[in-house]
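Under UniProt numbering, the first residue of the sequence shown carries the number 1, and numbering increases by one thereafter.
Everything on this sheet refers to the single structure shown next.
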Amino acid sequence: MSNLSIFTFETQQVRFVGTEEKPEWIAADIVAILYPTASRASYSKYLSKVPSQWKDKKQILTPGGKQKLTTLLEPGLYCLIGRSDSSLAVPFQEWLYEEVIPSIRKTGSYSVAEKSPSIPTLLSAREELETIRLGMNLFVELGGCDDRTKILLKDRVRNILLADRLQLSQTPNQPEPTRRLEYPVSDRAIHLGYRPNNQQLQQIGKQASLLYQDKHGIKPVRREQFVGGTTRMVNVYGSDDLEFLDRAIFAVMGDS
């Protein structure tokens, strides 16, 4: 049986109309997040990029009565996000991976808990990795996923494993909230609201690398990332060293 859950990413509501076995979202809500300035008449243009087998139709009760609305299955959701150049694409996909999808897999729905002094229950690393494995299996069955999504998944798996190691040194009653542990230059710039071009990315990378080397005496760690339409090795910065990266971004981008 389908569930109807309404959750909010930043200020935009998104309707979930699927089940834990078959997650499904109202397509127009996802387009509204990724393309906030787009008119509703243009939504079909963005949705046409998603293969038909990754979309569906559902009767949904709306303020105007029952309507048959286009929905996105899980691979269709990732496909639309992966093809978007919106600055919200990366944080939106991370939020889905870290909060929404694990909650749906575990409870069949997603809800935002009221604030309370109690400590929230976090999924274990094993459960998060199992969620990603199920998603990858679905991608394979439906023809695979694009390079950007592959890199994001690799990035997420690496962060889960790193977070699991860090939790070994913490007490059971004081878990840290899940957060991203490494940022490449491009992702951090987008996170801060900038859209640097390739030349600006190179300038930021050089400045951040010099600041990092001044403190640590070694070069930053390098990882494979999706940048500028291809994959290549780039410097990444941990959460404790974001000050270097942010200083370099602000120095190059200014108020642009």
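Ideal Cβ placement from N, Cα and C applies to all residues, glycine included.
Label residue i either buried or exposed according to how many other C-beta atoms from any shown protein chain fall within 10 Å of its C-beta, with 16 as the threshold for buried.
i      : result
Ile6   : exposed
Ser52  : exposed
Thr11  : exposed
Glu182 : buried
Gly76  : buried
Pro102 : buried
Glu127 : exposed
Glu94  : buried
Take residue i and list the residues in its own chain whose beta-carbon comes closer than 8 Å to its own, dropping the five residues that flank it on each side.
i      : result
Gln66  : Note that residue 66 corresponds to Lys in the displayed sequence, not to Gln. Cβ neighbours of Lys66 beyond the five flanking positions: Gln59, Ile60.
Ser209 : Lys219, Pro220, Asn235
Trp25  : Val14, Arg15, Phe16, Val17, Gly18, Thr71, Leu72, Leu77
Ala38  : Val31, Ala32, Tyr46
Could you give the first and the last residue of the continuous alpha helix (DSSP H) run that contains residue i?
i      : result
Val90  : 89-95
Gly76  : 74-83
Lys206 : 198-216
Lys45  : 43-47
Asp29  : 27-34
Glu243 : 242-253
Quick check: residue i and residue j, are their CB atoms within less than 7 Å of each other?
i      : j      : result
Leu211 : Phe244 : yes
Leu47  : Ala27  : yes
Glu74  : Pro36  : no
Pro55  : Thr70  : Checking the sequence shown, residue 55 turns out to be Lys, not Pro. Closer than 7 Å, so yes.
Ile104 : Leu72  : no
Arg90  : Asp187 : At residue 90 the sequence reads Val, which differs from the Arg that was named. Yes, these two residues count as a Cβ contact at 7 Å.
Lys57  : Lys68  : yes
Determine the extent of the beta strand (DSSP E) in which residue i is found, giving its start and end residues.
i      : result
Val14  : 12-16
Leu192 : Looking at the DSSP string, Leu192 is not in any beta strand (DSSP E), and its letter there is neither H nor E.
Asp56  : 55-62
Thr37  : From DSSP, Thr37 is part of no beta strand (DSSP E); its letter is neither H nor E.
Glu182 : 182-184
Ser5   : 5-9
Output needed for residue i: all residues of its chain with C-beta closer than 7 Å, excluding positions within five of it in sequence on either side, in chain order.
i      : result
Arg156 : Tyr97, Ile132
Asp241 : Tyr212
Leu201 : Val185, Ser186
Asp85  : none
Gly205 : Val185, Asn235
Ser87  : Ile190, Gly193, Arg195
Which same chain residues end up closer than 6 Å to residue i when comparing Cβ atoms and leaving out the 5 residues on each side of it in sequence?
i      : result
Ser42  : none
Ala248 : Ile204, Gln207, Ala208
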